[in-house]
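Residue numbers (this note's numbering): -12 to 463.
No residue lacks a Cβ here, since even glycine has one placed at the ideal position from N, Cα and C.
For reference, the structure is listed below as structure tokens.
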Ligand SMILES: Nc1nc2c(ncn2[C@@H]2O[C@H](COP(=O)(O)OP(=O)(O)OP(=O)(O)O)[C@@H](O)[C@H]2O)c(=O)[nH]1
Ligand SMILES: [Mg+2]
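See the structure below:
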């Protein structure tokens, strides 16, 4: 090989090496891009990355096949999600759409403000198509009510929960029950009330669980503290005595504030001003059956003002002088007594004595305008001035029930059946198997206490109203 040839070969080799080198670079680049694309595809098909959007996005996406992009909208069968990151404080906005309902969640990177909103008027209710063989519980037939069909119009109503931050764990299950069994179709707002500020965690978790707007209200101090006229020494002595006598919550101060607030103040919270109907949801209740109609529409259409599930008798030791004061008030205000009242539910001797029967207020679907009425307000103020929410530990349930029994028309009450309900330690489960099956109940009818002949009062309610008892409920 000549020197010339050798040079040429070296040049060729160099140029070949250069081509190979370029080729390898391109291959590596393609590989990197491919890996990136595969990685991106895999991740974008799962959930929103927590670092991008925070815990709330993971909640939104839980169990949902979602697609995530930045500053772009992608549609899949179930969901539209877009994550928008703005300059300055990072605002992450997640919009989801499922079954024609759009939800928007915003979060700032300092976790300060979590706002949960309906997206400008696009929220759409899921209307239940009622099967031809739909059945009402026999007790509803006996009460002469109708179950309204969905019409796509939400009532002016709200779910209300008074609770502490520490109730969050129990409350999650309660909310889930009510959302799954009822509210996922209607998206009614949910108001949470507390005497201290709700924590960010409480807001994050509850706003992710609720399908309507969530609102968080602070209770004014004067509604959650002993009024000036309470004799502090007397109060302390009484609490000691109640503790010694093992009166339930007899020594507790917060319990008294809770009862007094539920009895006299909750509807005054400005967050409730805009609503007509409310469903009180305590943090320790469960629902076991589908509710196959709009419970608030039910109230309006059937002209009901007070709905209950369980009714029972009050501990005498917590209300020794309540009836005396009720009579004192009614002597002063006979004009408030409804001509067609329900006194025979709470008294067996035409108002002489209280038989202890009351509606268990941990489930209450009611017309807020009843509480806002002058009669109710005067009634509460009169009772409150006795100081006995503190000295005797009056519960809110008998106060609500006594007021309703005197001031409402007896046709304005309703006993709800077919929902399945639990609050420690009592359970209500529909007695009729067809209703349990239709409403997909998960409760044990053997544990139902509704129709017990002692301690509970629903039989009394049926007797005084001349309603026929449901089948399978023995007449005695
Ligand atoms: N913010 C606040 N909420 C309370 C307080 N005490 C009770 N609650 C809430 O008020 C509602 C009723 O309270 P409960 O403690 O369940 O009262 P109860 O049902 O009479 O008593 P239990 O039979 O023990 O359940 C629940 O939703 C509680 O979470 C309190 O001190 N502060
Ligand atoms: Mg409770």
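heavy atom of ligand 2 below 6 angstroms from residue i C-beta
{"i": "residue 269", "result": "yes"}
{"i": "residue 349", "result": "yes"}
Where residue i falls: helix, strand or coil (DSSP)
{"i": "residue 403", "result": "coil"}
{"i": "residue 244", "result": "helix"}
{"i": "residue 273", "result": "strand"}
{"i": "residue 185", "result": "coil"}
{"i": "residue 442", "result": "coil"}
{"i": "residue 415", "result": "strand"}
{"i": "residue 377", "result": "helix"}
{"i": "residue 326", "result": "coil"}
{"i": "residue 396", "result": "coil"}
{"i": "residue 355", "result": "helix"}
{"i": "residue 200", "result": "coil"}
{"i": "residue 127", "result": "helix"}
{"i": "residue 177", "result": "strand"}
{"i": "residue 171", "result": "coil"}
{"i": "residue 293", "result": "strand"}
{"i": "residue 215", "result": "coil"}
{"i": "residue 194", "result": "helix"}
{"i": "residue 423", "result": "helix"}
{"i": "residue 320", "result": "coil"}
{"i": "residue 369", "result": "helix"}
{"i": "residue 119", "result": "coil"}
Exposed unless 16 or more other CB atoms sit within 10 angstroms - verdict on residue i
{"i": "residue 166", "result": "buried"}
{"i": "residue 308", "result": "exposed"}
{"i": "residue 212", "result": "exposed"}
{"i": "residue 66", "result": "Residue confidence for residue 66 is low, a pLDDT of 36 falling below 50, so the modelled location carries little weight; the figure read from the coordinates is stated next. Buried, since its Cβ has 16 or more Cβ neighbours within 10 Å."}
{"i": "residue 439", "result": "exposed"}
{"i": "residue 379", "result": "buried"}
{"i": "residue 232", "result": "exposed"}
{"i": "residue 334", "result": "buried"}
{"i": "residue 463", "result": "exposed"}
{"i": "residue 126", "result": "buried"}
{"i": "residue 121", "result": "exposed"}
{"i": "residue 147", "result": "buried"}
{"i": "residue 435", "result": "buried"}
{"i": "residue 425", "result": "buried"}
Straight-line Cα distance separating residue j from residue i
{"i": "residue 129", "j": "residue 123", "result": "10 angstroms"}
{"i": "residue 395", "j": "residue 384", "result": "16 angstroms"}
{"i": "residue 374", "j": "residue 216", "result": "7 angstroms"}
{"i": "residue 250", "j": "residue 209", "result": "15 angstroms"}
{"i": "residue 418", "j": "residue 342", "result": "26 angstroms"}
{"i": "residue 441", "j": "residue 382", "result": "21 angstroms"}
{"i": "residue 297", "j": "residue 444", "result": "8 angstroms"}
{"i": "residue 319", "j": "residue 169", "result": "43 angstroms"}
{"i": "residue 48", "j": "residue 224", "result": "Here residue 48 scores only 42 on pLDDT, less than 50, and its place in the model should not be relied on; the value that follows carries that caveat. Straight-line Cα distance between these residues: approximately 54 angstroms."}
{"i": "residue 364", "j": "residue 386", "result": "12 angstroms"}
{"i": "residue 173", "j": "residue 117", "result": "15 angstroms"}
{"i": "residue 153", "j": "residue 112", "result": "32 angstroms"}
{"i": "residue 402", "j": "residue 220", "result": "42 angstroms"}
{"i": "residue 458", "j": "residue 433", "result": "15 angstroms"}
{"i": "residue 376", "j": "residue 306", "result": "9 angstroms"}
{"i": "residue 243", "j": "residue 460", "result": "37 angstroms"}
{"i": "residue 240", "j": "residue 229", "result": "12 angstroms"}
Residue i vs residue j beta-carbon contact at 7 angstroms
{"i": "residue 271", "j": "residue 181", "result": "no"}
{"i": "residue 399", "j": "residue 287", "result": "no"}
{"i": "residue 144", "j": "residue 323", "result": "no"}
{"i": "residue 329", "j": "residue 392", "result": "yes"}
{"i": "residue 312", "j": "residue 370", "result": "yes"}
{"i": "residue 275", "j": "residue 405", "result": "no"}
{"i": "residue 256", "j": "residue 204", "result": "yes"}
{"i": "residue 357", "j": "residue 292", "result": "yes"}
{"i": "residue 258", "j": "residue 202", "result": "yes"}
{"i": "residue 346", "j": "residue 388", "result": "yes"}
{"i": "residue 352", "j": "residue 266", "result": "yes"}
{"i": "residue 451", "j": "residue 332", "result": "yes"}
{"i": "residue 273", "j": "residue 176", "result": "no"}
Ligand 1 heavy atom lying under 6 angstroms from the CB of residue i
{"i": "residue 430", "result": "no"}
{"i": "residue 150", "result": "yes"}
{"i": "residue 112", "result": "no"}
{"i": "residue 154", "result": "yes"}
{"i": "residue 241", "result": "yes"}
{"i": "residue 245", "result": "yes"}
{"i": "residue 182", "result": "yes"}
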